[in-house]
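K.L.:
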Amino acid sequence: MRGMRADRGAPEERAFRLSTSEPALVAASLRFAVWVAIALGLVACGGSSVARQPPGAPPEPTSVSVAEPGGDAHDPHHAALERLLAAPWGSRNDKDDQIHAPTPDWEHWKRVRFWGVKHFTGFRYGDDHHVMAIVFVQPVPPGESTDSRSCMKRFEAWAWTKVEAFDVDLSPLRTKRREYRGKPMLVKSVDGYVDLGLERKFFSGAFAAYPDVYPDACLIYAVGIPWRDDEALAKRLRDRWVLEGFQRMRPLTKEAPVRK
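Anchor point for the sequence shown: position 144 equals 149 in my numbering, and the numbering is continuous, going up by one each time.
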């Protein structure tokens, strides 16, 4: 890991069935959220035979690792989410150190590639995918805008075709208007579930479209958090990204980064 640091600083919904009568942009947004949830590995829900602490006890510090940041806690997923809620913000970088994406407890994230989705770089928190984060860099035709609204609209339209086959339930998308480098930035969040075989997987997610980062490309950052048995914690952690995390993104190049 290069160029990493931990920096301390500033710090409802009813599910509904998608229908063909919804406006195209809303449908695109919802389908995107589900696609991210699936692509980021929400099917992962591991278990381990290691000895566990009693319920309510914190994990032994020496048991916390990149593979299992929840350590030997009785419920590692719960412990991992609590750890992320309390940890200071830091960042993880792509392999060529062109982007530093905001992540609490940065030392325990692993850089990975996610199957089936074209992206610039991605990270997971634990082998059991307690949280997933993914960065997209999308080219923009000459002369077209790279403001946040345009990038969000373009990204959602691109994602629309990826998950048309999925039948899911989701809350209405919520949009927050944040600021990034003195310019408006749109952040969208959603909660929902997808039925996979006999299992129903609930999740919370959010994604931000950064304004005018590159002259010819859009930068998008998304996070996905499985609920498992921790709906409230998952939502709180997602909201932490929305309220104080996304604006900490640090692109290190003036031109759009390229995987080498």
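Virtual Cβ for every residue (Gly too), placed ideally from N, Cα, C.
Would the beta-carbon of residue 235 fall within 8 Å of that of residue 82?
P.N.:
The criterion of a C-beta distance shorter than 8 Å is satisfied by residue 235 and residue 82.
K.L.:
Measure the alpha-carbon distance for residue 227 versus residue 108 and round it to whole angstroms.
P.N.:
Roughly 12 Å between the two C-alpha positions.
K.L.:
Please classify residue 160: does DSSP put it in a helix, a strand, or coil?
P.N.:
helix
K.L.:
Is the CB-CB distance between residue 128 and residue 115 below 8 Å?
P.N.:
yes
K.L.:
Does the ligand MG have even one heavy atom less than 7 Å from the beta-carbon of residue 133?
P.N.:
As presented, the structure is devoid of all ligands, the ligand MG included, so that no description of it is given.
K.L.:
Return the CA-CA distance between residue 189 and residue 225, expressed in angstroms with no decimal places.
P.N.:
Taking the CA atoms as reference points, residue 189 sits about 14 Å from residue 225.
K.L.:
How many angstroms separate the CA atom of residue 138 from the CA atom of residue 250?
P.N.:
Just so you know, the alpha carbons of residue 138 and residue 250 end up roughly 12 Å apart.
K.L.:
So, at 8 Å on beta carbons, what are the nonlocal neighbours of residue 64 in its own chain, with the 5 sequence-adjacent residues on each side left out?
P.N.:
58, 75, 76, 77, 78, 81, 84
K.L.:
Could you tell me the boundaries of the beta strand (DSSP E) in which residue 105 lies?
P.N.:
104-109
K.L.:
Which residue comes first and which comes last in the alpha helix (DSSP H) that contains residue 64?
P.N.:
It is not in any alpha helix (DSSP H) - residue 64 carries neither H nor E in the DSSP assignment.
K.L.:
Excluding the 5 residues preceding and the 5 following residue 120 in the sequence, name in chain order all residues of the same chain whose CB lies nearer than 7 Å to its CB.
P.N.:
Closer than 7 Å at the Cβ level, and outside the excluded window around residue 120, lies no residue.
K.L.:
If you check the beta carbons only, do residue 243 and residue 210 fall under 8 Å apart?
P.N.:
yes
K.L.:
If you follow the beta strand (DSSP E) that residue 81 is part of, which residue opens it and which one closes it?
P.N.:
For residue 81, there is no enclosing beta strand (DSSP E); the residue is found in the alpha helix (DSSP H) stretching over 81-91.
K.L.:
Helix, strand or coil: how does DSSP classify residue 237 here?
P.N.:
helix
K.L.:
Where does residue 257 fall in DSSP's three states?
P.N.:
coil
K.L.:
Residue 132 and residue 73: beta carbons closer than 8 Å?
P.N.:
Contact check for residue 132 against residue 73 passes: the beta carbons are separated by less than 8 Å.
K.L.:
Report yes if the C-beta distance between residue 223 and residue 145 is below 8 Å; otherwise report no.
P.N.:
yes
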